[in-house]
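Here is the structure we will look at, set down as structure tokens.
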Amino acid sequence: MYRRRRLVVLLGLLVLVLAVVLAAGLVWPGFWRAEGTPQPVPTVTVTAPAPTPTVKAIERTRDETDFQQALPSAVLRYALGELEEAEEPKEQGALEAWTARYADGGPDEVEVVAGQWATDDEAATAAAAWTKAAGEPEHEGDVKVGSTVVGRYAIVPAKAGTAVVVWQNGTAVLQATGPADLMEDFYAAFPL
Numbered sequence: 059m060y061r062r063r064r065l066v067v068l069l070g071l072l073v074l075v076l077a078v079v080l081a082a083g084l085v086w087p088g089f090w091r092a093e094g095t096p097q098p099v100p101t102v103t104v105t106a107p108a109p110t111p112t113v114k115a116i117e118r119t120r121d122e123t124d125f126q127q128a129l130p131s132a133v134l135r136y137a138l139g140e141l142e143e144a145e146e147p148k149e150q151g152a153l154e155a156w157t158a159r160y161a162d163g164g165p166d167e168v169e170v171v172a173g174q175w176a177t178d179d180e181a182a183t184a185a186a187a188w189t190k191a192a193g194e195p196e197h198e199g200d201v202k203v204g205s206t207v208v209g210r211y212a213i214v215p216a217k218a219g220t221a222v223v224v225w226q227n228g229t230a231v232l233q234a235t236g237p238a239d240l241m242e243d244f245y246a247a248f249p250l
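Put into structure tokens, the structure is as follows:
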């Protein structure tokens, strides 16, 4: 009889423990799941639209050269305000050269000097000279069209919060001068 009582008490305790485990499984969130790697929460990326100019670009003439036409009327929030022939690159051997001034209607302005040489090698020599004249590059890299390297670029800090970017794209060499915090984006958005 004493054995029977022990068996009944033991079975009662077993039933009680099982009831507590089942109750905990129903009430406690995640009790039945194994502790694994938590699932990542999907992230949402909000991309602002590309900035556009708030001022109108100058009227382009129909008698522009192909190289002139390749210079954009707008880059980011900047619109082309002036386009005139540049003499200094021509003195360095450029076939043609232009100075383009881009403005946003405020105090900021970006000046681009663009020249085209007869060969890639002549353009590379000019780009190296322009970079050296601008100063010590803070950042340099390859200019690529697709996966093909067509030149080099260099970003050089200048005076009063400005920077100069010099880059070569095949036979074209360009130098943009403007606000330091903008120049890398300006260069990246420039289609040449």
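Its first residue numbered 59, the sequence shown is counted upward by one per residue in our numbering. Note that the Cβ used here is the ideal one computed from N, Cα and C, for glycine as well. Only a predicted model underlies this, so the values are computations on that prediction, with no experimental measurement involved.
Worksheet item: Using the rule of at least 16 other Cβ atoms within 10 Å of the residue's Cβ for burial, across every protein chain shown, is Trp86 buried or exposed?
Response: Residue 86 sits at position 28 when you count from the first residue of the sequence shown. With fewer than 16 Cβ atoms within 10 Å of its Cβ, Trp86 is classed as exposed.
Discussion item. For Gln126 and Trp156, I'd like the C-alpha separation in whole angstroms.
Written reply: By 1-based counting over the sequence shown, the position of residue 126 is 68. By 1-based counting over the sequence shown, the position of residue 156 is 98. Near 7 Å, if we compare the C-alpha coordinates of Trp156 and Gln126.
Practice prompt. Flag this pair as yes or no: are the beta carbons of Ala144 and Leu138 separated by less than 9 Å?
Written response: The count along the sequence shown starts at 1 and reaches residue 144 at position 86. The count along the sequence shown starts at 1 and reaches residue 138 at position 80. Result no, Cβ atoms of Ala144 and Leu138 do not sit closer than 9 Å.
Practice prompt. Report buried or exposed for Arg135, applying the criterion of at least 16 other Cβ atoms within 10 angstroms of its Cβ.
Written response: Working through the sequence shown from its first residue, we reach residue 135 at position 77. Buried, by the Cβ-count rule.
Worksheet item: How about Ala176: is its C-beta nearer than 9 Å to some C-beta of chain B?
Response: Protein chains in the displayed structure number just one, and chain B is not present.
Worksheet item: How do the region 192 to 211 and the region 222 to 231 stand: do at least 3 beta-carbon pairs fall below 8 Å, yes or no?
Response: yes
Worksheet item: With contact counted as at least three CB pairs below 8 Å, one residue from each stretch, are the region 96 to 113 and the region 75 to 83 in contact?
Response: no
Discussion item. According to DSSP, is Asp200 part of a helix, a strand, or is it coil?
Written reply: Reading the sequence shown from its first residue, position 142 is the one you call residue 200. In this structure, Asp200 counts as strand in the three-state DSSP scheme.
Worksheet entry | DSSP bridge partner residues for Pro111 (one or two, in chain order) | Looking up residue 111 in the sequence shown gives position 53. None; Pro111 has no bridge partner.
Worksheet item: Can the beta-carbon of Ala216 be found closer than 9 Å to that of Ala238?
Response: Taking the sequence shown and counting its residues from 1, the one referred to as residue 216 is at position 158. Taking the sequence shown and counting its residues from 1, the one referred to as residue 238 is at position 180. Cβ distance < 9 Å, so Ala216 and Ala238 count as in contact.
Discussion item. If I measure Cβ to Cβ from Thr171 and keep anything under 6 Å in the same chain, skipping five residues before and after, which residues do I get?
Written reply: Sequence index remark: in the sequence shown, residue 171 carries index 113 (1-based). Thr is not the amino acid found at residue 171; the sequence shown has Val there. So the list reads Ala144, Thr157 and Gln233, once near-sequence residues are dropped.
Discussion item. Could you give the first and the last residue of the continuous alpha helix (DSSP H) run that contains Ala182?
Written reply: Residue numbering aside, residue 182 sits at position 124 when the sequence shown is read from its first letter. Where Ala182 is concerned, the enclosing alpha helix (DSSP H) stretches over Asp178 to Ala192.
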